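Below is one structure; the comments refer to it alone.
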Amino acid sequence: MKETDPHPYGHLFPDCPIRNVLARISDKWSLLVLYTLKDNTLRFSNLRQAIPDVSQKMLTHTLRTLETDGLIIRKVYAEIPPKVEYSLTPRALSLLPHIDGLIGWARENMEAILKDRTRTAQKE
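Numbering (our numbering) for the sequence shown: -5 to 118.
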């Protein structure tokens, strides 16, 4: 386990799908990357343009994590300069309907959640 592992306790709970799978895709950037690649094969620079608030370092880390988990394919072309493209694996494609459902739920509930946040902040 690396000290920089964002989910350092997954090894303590090897049978827990939340710690070992869901925590890896529910971080700040992974769902955005997966959703951005939904219908596209993109180069790194195109992903940065599509998700402009992600840093180069975090996008690189997120792509490596998603590749490690078998959710994206990183294809390197033997060109100068090197060309690298990212696309979704069949495993990631099987996840997309669930992401779509979660996004739909968020859209349906966002206004109420934001109101609750405002009300809670005003109490504090």
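All residues carry an ideal CB built from backbone N, CA and C; glycine is no exception. If you're wondering where the values come from, they're calculated on a predicted model, not measured in any experiment.
When C-beta atoms of the stretch 36 to 46 are compared with those of the stretch 8 to 28, three or more pairs fall below 8 angstroms, so the two segments count as touching.
Residue pairing by DSSP places residue 20 opposite no residue, since no beta bridge is assigned to it.
Using a Cβ distance threshold of 9 angstroms, residue 67 and residue 73 do not count as a contacting pair.
Per DSSP, reduced to three states, the secondary structure at residue 109 is helical.
With contact defined as three or more Cβ pairs closer than 8 angstroms, the stretch 33 to 41 and the stretch 78 to 94 are in contact. Here residue 81 carries a strand assignment [DSSP, helix/strand/coil]. Looking at the DSSP output, residue 66 shares a beta bridge with 82. DSSP places residue 36 within a strand segment (E or B) once states are collapsed to three. Residue pairing by DSSP puts residue 71 in a beta bridge opposite 77. Considering only 30, 88, 104, 103, the residue with the shortest C-alpha distance to residue 53 is 30. When the five nearest sequence neighbours on each side are left out, the beta carbons in the same chain lying within less than 8 angstroms of the beta carbon of residue 76 are those of 70, in order along the chain.
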